[in-house]
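What follows is a set of notes on a single structure, which appears directly below.
Residue numbers (the numbering used here), protein chains in the order written: chain U, 835 to 1257; chain H, 74 to 260.
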């Protein structure tokens, strides 16, 4: 599970010795995030975001459990109970705004974490399981965030629930029955709100469980690094503590400054004002949009306005939206290049910065825009590029690209010539 | 003392079923059926409960709806549009070639004979369930002068047939009948 030169845990006093033979928890911590975990010496700040995502989850669970002490999951009082938290509960406004913006920050750090993985090809052997488990966490996060957004029972909550559960009605034959089963009725109502609250409460703990598997799978080969070449000797590594606990701690400081800035000075910037209108089943908001972190996927959903062969437009949109995430599960086998890091892959790098990133930023913008031209046409182009990037461009690049020569070791890349001249 | 018997049971003879395999398969099958039966209530509790299913039909007095007007009401917690079509809308809807439609339905398929000026549909876009605009005065009616769904841009014509956009089918016409000249029963 670790390199042969990893430092061994030695209990310092009699109590720790007693503990170590009965419940070796301190030993485990020492080996996972302590002195006993040798980590590549060249990790940059993009390697902060896994730890930051963990902190974001802790913030969400902490504020969420407290909010649940004051919230009531009943369509008659849910909206009022959120206002009660905002106006009456001591520091309720702070806890709710922290939870709201905490969700956004969780997605910000996770998106950076995922794009780090995409640029440095962290998904490649032997780390496929780390990537696959990460995608499972991402899917669980999306389900949790969606159900959380329904709980205040405002207009966007209600119509979001209706539209997202409506996705399932597109499935042939069983669709409408499945939607009724998910909602517990014909339209979102008390049964829906209650089950969403129950699931929104429990899923974060499931996420925590999958994170343990994610870290376990990571610790088998050890962390990847910006050169993408494997650790070859003790010189290539430093102990996780104090080197990366300190580096992660610095990143955490920056994260908390930005998080507090948004929470205290512009708490509703990323929200939608329509969710401060109580849910009304007879009136759809003129411009219905999900939370910003779903916009790229929402744009793909809306890009399909035409039938193709025998498949109706509605089903196509739903398949494409789920497909856009599911195809990432096949990424380790679509990108066959033996070189991991984008620094040594000139063509891959260009398509990453000038293809994939602008495409996803554009999709994000279009997902928040109204369903009219030219946005629809642009969504179609951007969606087409998204799928082409992963299914056609990336496999082709990995076949024809001639990578730049790799350094002989991590140590050489750090202490010898700088990376830029090598690239 | 039962030594020879046990040996026979463990090894079996030719294609014979071994006693221990039989016990294993039977026990696991029994547990599997038990697990399946246990899962049933856990899954079934998610379906609409008795009070949600016990939805009565509604009666609506439509005498106050002028020609060209529409109202929104609620049935099974879902919006219902009741529209009094103008003669021009009726005439134009009849002229449409139904072969060109995504969900081919004639004007007569969507209205009651003798009461053909009354169009009653669910106010639920068949795409993803938003409430289309066009029933209330001043709302956008879309390119075909019927209903327009603002969520993903589906355009319906005056009798609620899908003409443009992502929705796969026409606005659903629920079961309805006139109990008197001015009162309609839905459901």
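By construction, the Cβ of each residue, glycine as well, lies at the ideal position given by its N, Cα and C atoms.
As the structure is a computational prediction, the values presented were derived from the model and not from experiment.
Go to residue i, then tell me how far its beta strand (DSSP E) extends in each direction, as first and last residue.
{"i": "residue 872 of chain U", "result": "872-874"}
{"i": "residue 1176 of chain U", "result": "Counting along the chain, residue 1176 of chain U falls outside any beta strand (DSSP E), and DSSP gives it neither H nor E."}
{"i": "residue 261 of chain H", "result": "Nothing can be reported for residue 261 of chain H, as the shown portion of chain H is limited to 74 through 260."}
{"i": "residue 851 of chain U", "result": "Counting along the chain, residue 851 of chain U falls outside any beta strand (DSSP E), though it belongs to the alpha helix (DSSP H) covering 848-854."}
{"i": "residue 148 of chain H", "result": "143-148"}
List, in chain order, every chain U residue whose beta-carbon is nearer than 9 Å to that of residue i.
{"i": "residue 253 of chain H", "result": "Ordered by position in chain U, no residue passes the 9 Å Cβ test against residue 253 of chain H, which lies about 26 Å from the chain."}
{"i": "residue 114 of chain H", "result": "Chain U residues near residue 114 of chain H: none, gap ~14 Å exceeds 9 Å."}
{"i": "residue 122 of chain H", "result": "1018, 1019 and 1025"}
Can you grab the Cα-Cα spacing for the pair residue i / residue j, in whole Å?
{"i": "residue 1076 of chain U", "j": "residue 877 of chain U", "result": "14 Å"}
{"i": "residue 1238 of chain U", "j": "residue 1073 of chain U", "result": "30 Å"}
{"i": "residue 920 of chain U", "j": "residue 1119 of chain U", "result": "24 Å"}
{"i": "residue 1044 of chain U", "j": "residue 890 of chain U", "result": "15 Å"}
{"i": "residue 984 of chain U", "j": "residue 992 of chain U", "result": "6 Å"}
{"i": "residue 1024 of chain U", "j": "residue 1105 of chain U", "result": "24 Å"}
{"i": "residue 241 of chain H", "j": "residue 997 of chain U", "result": "15 Å"}
{"i": "residue 899 of chain U", "j": "residue 226 of chain H", "result": "39 Å"}
{"i": "residue 1232 of chain U", "j": "residue 1216 of chain U", "result": "22 Å"}
{"i": "residue 82 of chain H", "j": "residue 115 of chain H", "result": "Interpretation of residue 82 of chain H is limited by its pLDDT of 48, a score under 50 that renders its predicted location unreliable; no figure is taken from the coordinates."}
{"i": "residue 246 of chain H", "j": "residue 1164 of chain U", "result": "43 Å"}
{"i": "residue 1137 of chain U", "j": "residue 1236 of chain U", "result": "35 Å"}
{"i": "residue 987 of chain U", "j": "residue 895 of chain U", "result": "21 Å"}
{"i": "residue 124 of chain H", "j": "residue 260 of chain H", "result": "16 Å"}
{"i": "residue 103 of chain H", "j": "residue 1058 of chain U", "result": "48 Å"}
{"i": "residue 1056 of chain U", "j": "residue 922 of chain U", "result": "49 Å"}
{"i": "residue 1257 of chain U", "j": "residue 1184 of chain U", "result": "Low confidence applies to residue 1257 of chain U: its pLDDT is 34, below 50, so where it sits in the model is not reliable enough to give any reading."}
{"i": "residue 1161 of chain U", "j": "residue 1224 of chain U", "result": "8 Å"}
{"i": "residue 1174 of chain U", "j": "residue 950 of chain U", "result": "12 Å"}
{"i": "residue 1154 of chain U", "j": "residue 837 of chain U", "result": "42 Å"}
So the alpha helix (DSSP H) residue i belongs to, where does it begin and stop?
{"i": "residue 1041 of chain U", "result": "1024-1053"}
{"i": "residue 806 of chain U", "result": "There is simply no residue 806 of chain U to check, as chain U begins at 835 and stops at 1257 in what is shown."}
{"i": "residue 1187 of chain U", "result": "Premise fails: residue 1187 of chain U is in no alpha helix (DSSP H) and is neither H nor E."}
{"i": "residue 921 of chain U", "result": "912-921"}
{"i": "residue 952 of chain U", "result": "926-953"}
{"i": "residue 1138 of chain U", "result": "Premise fails: residue 1138 of chain U is in no alpha helix (DSSP H) and is neither H nor E."}
{"i": "residue 1094 of chain U", "result": "1074-1099"}
{"i": "residue 197 of chain H", "result": "Counting along the chain, residue 197 of chain H falls outside any alpha helix (DSSP H), and DSSP gives it neither H nor E."}
{"i": "residue 865 of chain U", "result": "859-867"}
{"i": "residue 97 of chain H", "result": "92-117"}
{"i": "residue 1010 of chain U", "result": "1009-1017"}
{"i": "residue 1158 of chain U", "result": "1147-1160"}
Using only the heavy atoms of the ligand SAM, determine whether one of them is closer than 7 Å to the beta carbon of residue i.
{"i": "residue 140 of chain H", "result": "With respect to the ligand SAM, the structure shown offers nothing to examine, as it has no ligands at all."}
Can you pull the chain U residues whose beta carbon is under 8 Å from the beta carbon of residue i, in chain order?
{"i": "residue 151 of chain H", "result": "1020, 1021 and 1115"}
{"i": "residue 147 of chain H", "result": "1115 and 1116"}
{"i": "residue 125 of chain H", "result": "1018, 1019, 1020, 1023 and 1025"}
For residue i, I'd like the list of residues in its chain whose CB is within less than 8 Å of its CB, leaving aside the five on either flank, ordered along the chain.
{"i": "residue 840 of chain U", "result": "865, 870, 871 and 872"}
{"i": "residue 218 of chain H", "result": "162, 230 and 231"}
{"i": "residue 906 of chain U", "result": "912 and 915"}
{"i": "residue 239 of chain H", "result": "200, 225, 226 and 227"}
{"i": "residue 209 of chain H", "result": "143 and 145"}
{"i": "residue 1227 of chain U", "result": "1185 and 1189"}
With a CB to CB cut of under 6 Å and the five nearest residues on each side skipped, what residues in its chain are close to residue i?
{"i": "residue 1240 of chain U", "result": "1063 and 1178"}
{"i": "residue 119 of chain H", "result": "none"}
{"i": "residue 131 of chain H", "result": "148 and 259"}
{"i": "residue 990 of chain U", "result": "1106, 1108 and 1109"}
Give the residues of chain H in contact with residue i, contact being defined as C-beta atoms less than 8 Å apart.
{"i": "residue 1000 of chain U", "result": "200, 201 and 202"}
{"i": "residue 1138 of chain U", "result": "239"}
{"i": "residue 1029 of chain U", "result": "119"}
{"i": "residue 1014 of chain U", "result": "120 and 121"}
So residue i contacts chain H; which residues on that side make the cut at Cβ distance below 9 Å?
{"i": "residue 1121 of chain U", "result": "223 and 224"}
{"i": "residue 997 of chain U", "result": "200, 201, 202, 203, 224 and 225"}
{"i": "residue 993 of chain U", "result": "202, 203, 204 and 224"}
What in chain H is Cβ-close to residue i, meaning under 7 Å?
{"i": "residue 1146 of chain U", "result": "241"}
{"i": "residue 1151 of chain U", "result": "239"}
Ordered along the chain, which non-local residues of its own chain (more than five positions away) have a Cβ less than 7 Å from that of residue i?
{"i": "residue 1181 of chain U", "result": "1231 and 1235"}
{"i": "residue 1014 of chain U", "result": "1020"}
- Decide if the stretch 1187-1200 of chain U is in contact with the stretch 963-971 of chain U; the criterion is three or more beta carbon pairs, one per stretch, under 8 Å apart. no
- Message: Below 8 Å, how does it come out for the stretch 1121-1131 of chain U and the stretch 1195-1203 of chain U: are there three or more Cβ pairs, yes or no?
- Response: yes
- Message: Any contact between the stretch 1099-1109 of chain U and the stretch 923-936 of chain U? By contact I mean 3 or more CB pairs, one from each, below 8 Å.
- Response: yes
- Message: Under 8 Å, with one C-beta from each stretch per pair, do the stretch 195-207 of chain H and the stretch 148-163 of chain H reach the 3-pair mark?
- Response: yes
- Are at least three pairs of beta-carbons, each pair with one atom in the stretch 135-151 of chain H and one in the stretch 1007-1022 of chain U, less than 8 Å apart? yes
- Report yes or no: do three or more beta-carbon pairs, one from the stretch 109-121 of chain H and one from the stretch 223-242 of chain H, lie closer than 8 Å? no
- Taking contact to mean at least 3 C-beta pairs separated by less than 8 Å, is the stretch 1079-1091 of chain U in contact with the stretch 886-901 of chain U? yes
- Three-pair Cβ contact test at 8 Å for the stretch 201-210 of chain H versus the stretch 218-228 of chain H: yes
- Query: Three or more C-beta pairs closer than 8 Å, one from the stretch 133-147 of chain H and one from the stretch 177-186 of chain H: is that the case here?
  - Reply: no
- Cβ pair count under 8 Å reaching 3, the stretch 850-863 of chain U against the stretch 1034-1042 of chain U: no
- If you pair each beta-carbon of the stretch 1145-1164 of chain U with each one of the stretch 1049-1059 of chain U, do three or more pairs fall below 8 Å? no
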